[in-house]
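Numbering (UniProt numbering), first residue to last: 1 to 151.
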């Protein structure tokens, strides 16, 4: 598979976003107070790294297989750490989770738009799969906030 200049530029832009997500989750896992949130950030960092690796494969001319994991968000059931009472730790963790939801929305939206720049159906399927996974990430973060009375 040979990418056009436009397709190459789009993939590189998506790589930049994925790299930013990897770094954000890595940093936020060190800032989070709640171990449940630390674990979620660590998990999402690995998933974003997988997206970055997939995009790198596309740049090298290979389209990795994808499994369209559309149940990670639905199946995620975090345990509550915080009560209804406000605390500084809860406020800090809520900020981190909310910021990441915003990031996931932006990245998901970008994939939704950029998928149409590609002629290869395998690349389109991969990008659509990643977009669904980004939506799952936002859902997982939202569920964390909800169970902890943050949403």
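Beta carbons are placed, not taken as given, at the ideal position from N, Cα and C, and that holds for glycine.
Report task. Given a cut-off of 7 angstroms, decide if residue 40 and residue 142 are closer than it, judged by their beta-carbon atoms. Result -> No; because the gap between Cβ atoms is not below 7 angstroms, this pair is not in contact.
Requested in this report: Could you pull out every unbroken alpha helix (DSSP H) segment of at least 4 residues lying fully inside the region 20-91, listed in chain order?
Outcome: With a minimum length of 4 residues, the continuous alpha helix (DSSP H) runs that stay inside the region 20-91 are 35-59, 72-75.
Requested in this report: Within the same chain, show all residues whose beta-carbon is closer than 6 angstroms to that of residue 18, passing over the 5 residues directly before and after it, in chain order.
Outcome: Hits under 6 angstroms: 48, 51, 52.
Query - Contained alpha helix (DSSP H) runs [length at least 4] in the region 109-148, N- to C-terminal order - result: Counting whole runs of 4 or more residues, the region 109-148 contains the alpha helix (DSSP H) stretches 121-147.
Query raised in the report: Leaving out the 5 sequence neighbours to the left and right, which residues in its chain are closer than 6 angstroms to residue 134 when beta-carbon positions are compared?
Result: So the qualifying residues of the chain are 104, 107, 108.
Requested in this report: Note down the Cα distance separating residue 45 from residue 38, rounded to an integer number of angstroms.
Outcome: If you take the alpha carbons of residue 45 and residue 38, they lie about 10 angstroms apart.
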